[in-house]
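Below: one structure, written as structure tokens.
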Amino acid sequence: MIANIADYIVSPLGYGSQANYEAVKAGCTMLRRYDQWNDVPEPFTASLMDWAEVESRFHDLAVAWHDASDYTRFEQLCLLSIAGALAQTGIDVASPRVLLVFSTTKGNVELLDSRSKHYGSDRVLLGVTASKIARFLGNRNVPIVVSNACISGLCAQITAMRALESGRYDYAVVTGADVQSRFIISGFQSFKALSPVQCKPFDRDRQGLNLGEGAATIIYKRATSDDGGRWAAARGAIRNDANHISGPSRTGEGSYRALRSVLAGDDTGRIALVNCHGTATLYNDEMESIAIERAGLIDVPVNTLKGYYGHTMGAAGVLEAILSMHSLDDHTLLATRGFEHLGVSRPVNVSNQNRATAGSSFVKLLSGFGGCNAAILYKKLPASPGQDFSTVMKGGKQ
Amino acid sequence: MKWIRITPDKIVINRQKLNTSSTGGELLKEVYRNHIGGYPKFFKMDGLCRLGFVASELLLAQEQPRRTECEDRAVVLYNRTGSLCDDSEYQATIQDTADYYPSPAIFVYTLPNIVTGEISIRNKYYGETMFCVIPDFDPQVIVDGASDFFQDPMTRSALTGWLDCTDRDHYDALIVLVDKGDSEFTPERLAALHNL
Numbered sequence: 001m002i003a004n005i006a007d008y009i010v011s012p013l014g015y016g017s018q019a020n021y022e023a024v025k026a027g028c029t030m031l032r033r034y035d036q037w038n039d040v041p042e043p044f045t046a047s048l049m050d051w052a053e054v055e056s057r058f059h060d061l062a063v064a065w066h067d068a069s070d071y072t073r074f075e076q077l078c079l080l081s082i083a084g085a086l087a088q089t090g091i092d093v094a095s096p097r098v099l100l101v102f103s104t105t106k107g108n109v110e111l112l113d114s115r116s117k118h119y120g121s122d123r124v125l126l127g128v129t130a131s132k133i134a135r136f137l138g139n140r141n142v143p144i145v146v147s148n149a150c151i152s153g154l155c156a157q158i159t160a161m162r163a164l165e166s167g168r169y170d171y172a173v174v175t176g177a178d179v180q181s182r183f184i185i186s187g188f189q190s191f192k193a194l195s196p197v198q199c200k201p202f203d204r205d206r207q208g209l210n211l212g213e214g215a216a217t218i219i220y221k222r223a224t225s226d227d228g229g230r231w232a233a234a235r236g237a238i239r240n241d242a243n244h245i246s247g248p249s250r251t252g253e254g255s256y257r258a259l260r261s262v263l264a265g266d267d268t269g270r271i272a273l274v275n276c277h278g279t280a281t282l283y284n285d286e287m288e289s290i291a292i293e294r295a296g297l298i299d300v301p302v303n304t305l306k307g308y309y310g311h312t313m314g315a316a317g318v319l320e321a322i323l324s325m326h327s328l329d330d331h332t333l334l335a336t337r338g339f340e341h342l343g344v345s346r347p348v349n350v351s352n353q354n355r356a357t358a359g360s361s362f363v364k365l366l367s368g369f370g371g372c373n374a375a376i377l378y379k380k381l382p383a384s385p386g387q388d389f390s391t392v393m394k395g396g397k398q
Numbered sequence: 001m002k003w004i005r006i007t008p009d010k011i012v013i014n015r016q017k018l019n020t021s022s023t024g025g026e027l028l029k030e031v032y033r034n035h036i037g038g039y040p041k042f043f044k045m046d047g048l049c050r051l052g053f054v055a056s057e058l059l060l061a062q063e064q065p066r067r068t069e070c071e072d073r074a075v076v077l078y079n080r081t082g083s084l085c086d087d088s089e090y091q092a093t094i095q096d097t098a099d100y101y102p103s104p105a106i107f108v109y110t111l112p113n114i115v116t117g118e119i120s121i122r123n124k125y126y127g128e129t130m131f132c133v134i135p136d137f138d139p140q141v142i143v144d145g146a147s148d149f150f151q152d153p154m155t156r157s158a159l160t161g162w163l164d165c166t167d168r169d170h171y172d173a174l175i176v177l178v179d180k181g182d183s184e185f186t187p188e189r190l191a192a193l194h195n196l
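For the record, the sequence lines run as chains H and V.
The letter at position 4 of the first sequence is residue 4 when you use our numbering, and the numbering goes up by one with no holes.
The letter at position 158 of the second sequence is residue 158 when you use our numbering, and the numbering goes up by one with no holes.
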């Protein structure tokens, strides 16, 4: 079990986790229609950063950190998010006891385009990008980049959990990020996976997903009795459908197995929320409803945040986990923006209104190309430690 | 521990060199035809998936009986170039606005973890699958990563190692089949095998 000691979201809705939470709670989105964007012939709807503001903020950060080299859009976004989280802690990110874990699907892929500014031929490689970011931070450990499609954000947190529990590191900085490009948009368009309008997760009229940009960072440490009041990632699992490289399993096989694994020994009645992937594609949302029912969670409230951010790809698992933590701190289950009429075969407990909750644990679920699925069970550690705390730490019934 | 080493000019499985006559992308096709076969989807795959498919098929053929339909085997791979091989091929289809033909059949391979999915589908492995990209081949990272993924109480064995494909003719693979707790699986051993 590992404890979240700081988190920071950079997204089109704002800078900082609390600013993002307030915007989402108020129902805001930056999903907009784009026409003739970067030579993409078909219009699309997406949630994109204001890059002039990113560059201006990054300029200030680079001055403060005495670094004058050139950074790509992706690297700037990652660094703004990491620096925002670090500023809330006293940890020395340059220490050999700190591991950097990144989650991204496509990183600097836009550099393959001849229209792009030139940064050196190997900068498109994710490990090279991560090393560049690590050098900015002064961290000399080998950075790990999890590139496991849309579940990368949860895989990165599971990677951090295991590395911390092995004792090799004291802190893990987990950053999920992706930026949109002609490469990614055209590919999803070729798949006919994009909704022309704002997405409608779990809705009968859903037409596909929207893409989004953002970066989100959580800094973790091994949970101890000093971490009362903090959120912990208690258990995580990654499972495969073993079915198809681009279509989800009709039985929700991998998601069900991942859920079964993280719920082992826990009372499902204590779980306040399943924060779903909920991309608003026909097959994803249907598959998730089946997996949730099979896992015995059909009565548990579910939500998805794609209606606010679109699908932020490598950022999603980190960004959506942070917002779920902040929402339960505020005794709120966030509304599923875009949902109106149930359009999946299983009666999932979904709402387009914010709802009240007293719960202090939730499950985050993701699935992606390559047939991969991941789940993490998060629990808020009791503020006044004692017997209660050790029960949570053992992962038993609370 | 069982292992396989593949470079564009040779294939070695547990110290046995496979008899082959071609190199680069042709080598993988030759081995598919002469030693694997019966899986026409192979020809739809990008370079990274062909490499991973051939490596896993030859390695798993050593396992008696060959396992299938299981959740206790992980497939966790590492490389330097991610899905660059297919990324470059996809970029070529969209580079020119006058000659713009984005293909879903190419785009689907622009994720490195498609290969771990292909191996899972082929073998009906429902267990953990993950792909990580690191700056360079690093046996310590691979061995530490394995001791980490064996923390999942379900996982008892794994296909893990290095699977890198710059383009269809340039690649580098070292994959091992390892049980939890195998004392042979060390950074020194991996480094020695990678130098073969």
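Glycine included, C-beta positions come from ideal geometry on N, C-alpha and C.
Item, Value
"Length at least 3, wholly inside the region 302 to 382 of chain H: the beta strand (DSSP E) runs in chain order", "361 to 368 and 372 to 380"
"Sequence-distant residues of its chain with Cβ nearer than 6 Å to tyrosine 308 (chain H) (five each side left out)", "Val24, Thr29 and Arg337"
"Within 9 Å, strictly: CB atoms of leucine 159 (chain V) and isoleucine 121 (chain V)", "no"
"Cβ-Cβ distance between valine 109 (chain H) and aspartate 87 (chain V) below 9 Å", "yes"
"Residues of the region 246 to 262 of chain H whose Cβ lies closer than 7 Å to any Cβ of chain V, in chain order", "Ser246, Glu253, Gly254, Arg257 and Ser261"
"Neighbour list for valine 163 (chain H) in chain V, Cβ cutoff strictly below 8 Å", "Valine is not the amino acid found at residue 163 (chain H); the sequence shown has alanine there. Correct list: Asp144 and Asp148."
"C-beta contact flag for phenylalanine 183 (chain H) and lysine 106 (chain H) at 9 Å", "yes"
"Whether tyrosine 125 (chain V) touches cysteine 70 (chain V) by CB criterion (9 Å)", "yes"
"The region 318 to 334 of chain H / the region 234 to 246 of chain H touching (three or more Cβ pairs under 8 Å)", "no"
"Per-residue burial, lysine 397 (chain H) [other beta carbons within 10 Å of its own, 16 or more giving buried]", "With a pLDDT of only 35 at lysine 397 (chain H), under 50, the local geometry of the prediction cannot be trusted, and no value is derived from it."
"Identity of the residue in H:Thr312, H:Tyr8 and H:Leu164 nearest asparagine 210 (chain H) by Cα", "H:Thr312"
"Closer than 9 Å to chain V by CB, serine 131 (chain H)", "yes"
"Sufficient close CB pairs (3 or more, under 8 Å) joining the region 154 to 161 of chain H to the region 265 to 281 of chain H", "no"
"Assigned exposure category for threonine 470 (chain H) - 16 Cβ within 10 Å defines buried", "This structure cannot settle anything about residue 470 (chain H), because the visible part of chain H is limited to 1 through 398."
"Proximal residues of chain V, C-beta to C-beta of methionine 67 (chain H) below 9 Å", "Checking the displayed sequence, the identity of residue 67 (chain H) turns out to be aspartate instead of methionine. What aspartate 67 (chain H) touches in chain V: nothing, since even the nearest Cβ is about 19 Å away."
"Reference proline 135 (chain V), options H:Asp122, H:Gly138, H:Phe136 and H:Ile292, closest by Cα", "H:Asp122"
"Residue environment, glutamate 288 (chain H), which counts as buried when at least 16 other CB atoms sit within 10 Å", "buried"
"Residue-level contact to chain V via CB, histidine 118 (chain H), 9 Å cutoff", "no"
"Endpoints, beta strand (DSSP E) assigned at valine 93 (chain H)", "Premise fails: valine 93 (chain H) is in no beta strand (DSSP E) and is neither H nor E."
"Separation of alanine 258 (chain H) from threonine 129 (chain H), as counted between CA atoms", "30 Å"
"Inside the region 63 to 136 of chain H only - beta strand (DSSP E) runs reaching at least 3 residues", "98 to 103"
"Cα-Cα separation between histidine 194 (chain V) and aspartate 72 (chain V), rounded to whole angstroms", "27 Å"
"Within 7 Å of chain H by C-beta, residues of the region 96 to 124 of chain V in sequence order", "Thr97, Tyr100, Pro102, Ser103, Pro104, Phe107, Val108, Thr110, Leu111, Pro112, Asn113, Ile114, Thr116, Gly117, Glu118, Ser120, Ile121 and Lys124"
"Runs of alpha helix (DSSP H) wholly within the region 32 to 93 of chain V (minimum 4 residues, chain order)", "47 to 60"
"Below-9 Å beta-carbon distance, isoleucine 91 (chain H) vs any chain V residue", "no"
"Below-9 Å beta-carbon distance, glycine 395 (chain H) vs any chain V residue", "Because glycine 395 (chain H) sits at a pLDDT of 47, beneath the cut-off of 50, its placement in the model cannot be relied upon, and the following sentence gives the value as read from the coordinates. No, glycine 395 (chain H) does not count as interfacial toward chain V."
"Neighbourhood of methionine 130 (chain V) by C-beta distance below 6 Å, restricted to the same chain and skipping five residues each side", "Val76"
"Three-way DSSP call (helix, strand, coil) for glycine 396 (chain H) in this model", "Its pLDDT being 40, under 50, glycine 396 (chain H) is placed unreliably by the model, and nothing is read from it."
"Per DSSP, cross-strand counterpart(s) of serine 11 (chain H)", "H:Gly14"
"According to DSSP, residues forming a beta bridge with cysteine 165 (chain V)", "V:Tyr171"
"Segment contact, 8 Å Cβ cut-off, at least three pairs: the region 99 to 114 of chain V with the region 365 to 384 of chain H", "yes"
"Reduced DSSP category for tyrosine 21 (chain H) - H, G, I as helix; E, B as strand; rest coil", "helix"
"8 Å contact criterion, which glycine 359 (chain H) and leucine 328 (chain H) should meet: CB distance rounded", "6 Å"
"Cβ neighbours of serine 324 (chain H) in the same chain (closer than 6 Å, five flanking residues each side left out)", "Asn275 and Phe362"
"DSSP three-state assignment for glycine 187 (chain H), whether helix, strand or coil", "helix"
"Cβ-based neighbour list, aspartate 35 (chain H), same chain, cut-off 6 Å, excluding 5 preceding and 5 following", "Pro43"
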